[in-house]
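Visitor:
2 protein chains.
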Amino acid sequence: MNENNIENIKSQMRKGVLEYCILSVLDKNDAYASELINKLKEARIIVVEGTLYPLLTRQKNQGLLTYRWEESTQGPPRKYYSLTDKGRTVLQEMDKAWTEIVETLDILRK
Amino acid sequence: MNENNIENIKSQMRKGVLEYCILSVLDKNDAYASELINKLKEARIIVVEGTLYPLLTRQKNQGLLTYRWEESTQGPPRKYYSLTDKGRTVLQEMDKAWTEIVETLDILRK
DNA sequence: TTTTGATACCTTGTATCGCAAGGTACTAAA
DNA sequence: TTTAGTACCTTGCGATACAAGGTATCAAAA
Numbered sequence: 195m196n197e198n199n200i201e202n203i204k205s206q207m208r209k210g211v212l213e214y215c216i217l218s219v220l221d222k223n224d225a226y227a228s229e230l231i232n233k234l235k236e237a238r239i240i241v242v243e244g245t246l247y248p249l250l251t252r253q254k255n256q257g258l259l260t261y262r263w264e265e266s267t268q269g270p271p272r273k274y275y276s277l278t279d280k281g282r283t284v285l286q287e288m289d290k291a292w293t294e295i296v297e298t299l300d301i302l303r304k
Numbered sequence: 195m196n197e198n199n200i201e202n203i204k205s206q207m208r209k210g211v212l213e214y215c216i217l218s219v220l221d222k223n224d225a226y227a228s229e230l231i232n233k234l235k236e237a238r239i240i241v242v243e244g245t246l247y248p249l250l251t252r253q254k255n256q257g258l259l260t261y262r263w264e265e266s267t268q269g270p271p272r273k274y275y276s277l278t279d280k281g282r283t284v285l286q287e288m289d290k291a292w293t294e295i296v297e298t299l300d301i302l303r304k
């Protein structure tokens with residue numbers, strides 16, 4: 195077990211909340227994939243393209259997200275994702291679930 | 195998307211913290227597998243045998259846990275797991291990582 | 001005009017991990 | 001000696017994150 199293990203541990207923990215993070219960010223502003231990656235990177239949540247694109251597609255297929263194309267002055271067009279009503283409802287459920295887990299861990303650690 | 199989905203969301207979120215939960219529980223008292231399952235169930239963290247046994251073996255192989263056999267008056271012998279020094283060190287790292295993620299989510303959700 | 005670099009999209013193959021289901025073994029009571 | 005309870009463990013499957021590689025658009029440099 196080496197130093198990478200700390201990153202590995204964090205990576206494991208992040209896995210369960212990635213979808214929650216995506217919906218949370220999109221709840222505040224619509225965004226396109228590369229933008230999302232950067233925003234999450236700033237928040238120290240590392241996501242790579244190969245993770246994010248399938249995830250966005252999954253969430254879109256579940257009816258949580260929609261998207262629209264927008265031209266860019268600096269490259270190819272961008273696919274802006276935004277929450278649907280269903281997405282907002284699920285986000286609220288996730289809020290509850292997250293709060294519950296944080297409380298549970300608090301108790302377990304005491 | 196039905197009511198099961200809420201459980202599914204919680205299940206996803208729990209995934210990342212299962213190892214952390216195990217080490218946390220064992221940090222307080224040695225325990226055998228069936229006992230661990232019950233303790234976690236009380237804390238609303240559902241784990242099944244097919245998940246727990248391989249996980250304990252992984253953690254043992256990583257040097258985080260050791261075990262000893264103890265006779266039982268009520269059935270087959272029990273395999274009591276306990277934290278090693280390395281396990282305690284990793285648990286501290288997990289504490290930090292968890293705190294960090296909770297803070298990050300707090301910020302993301304604001 | 002062609003090439004290069006930047007941006008942005010997406011797919012494929014691999015590894016990990018949780019879960020459902022099934023299997024073994026010990027003990028005590030019926 | 002069979003059944004019930006407890007405890008251990010394995011196998012096969014599905015979901016998902018990641019690494020790596022691929023396609024397409026645009027603008028600026030060669």
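Residue numbers (the numbering used here), protein chains in the order written: chain A, 195 to 304; chain B, 195 to 304. Positions of the beta carbon are idealized from the N, C-alpha and C atoms, including for glycine.
Run through DSSP, which three-state label would Leu259 (chain A) get?
Guide: Leu259 (chain A) falls in the strand class under three-state DSSP.
Visitor: Drop a sphere of 10 angstroms on the beta-carbon of Ile301 (chain B), count the other beta-carbons inside from all chains shown, and report buried for 16 or more, exposed for fewer.
Guide: Under the 10 Å beta carbon count, Ile301 (chain B) is surrounded by fewer than 16 other beta carbons and is classified as exposed.
Visitor: On the CB-based measure, 16 or more other CB atoms within 10 Å of its CB, does Gln268 (chain A) come out buried or exposed?
Guide: Within 10 angstroms of the beta-carbon of Gln268 (chain A) lie fewer than 16 other beta-carbons, which makes it exposed.
Visitor: Does the beta carbon of Lys209 (chain A) come closer than 9 angstroms to any beta carbon on chain B?
Guide: yes
Visitor: Against Trp292 (chain B), what residues of chain A qualify as contacts under a CB-to-CB distance less than 7 angstroms, listed in chain order?
Guide: What Trp292 (chain B) touches in chain A: Met207 and Leu299.
Visitor: For Arg272 (chain B), which residues of its own chain have a beta-carbon under 6 angstroms away from its beta-carbon, when the five flanking residues on both sides are left out?
Guide: Tyr226, Glu264 and Ser266
Visitor: What did DSSP end up calling Asn196 (chain B) once you bin it into helix, strand or coil?
Guide: Bear in mind that the predicted position of Asn196 (chain B) carries a pLDDT of just 38, short of 50, making it unreliable; the figure below should be weighed with that in mind. Coil, per DSSP.
Visitor: Can you tell me which residues form a DSSP beta bridge with Lys273 (chain B)?
Guide: B:Trp263
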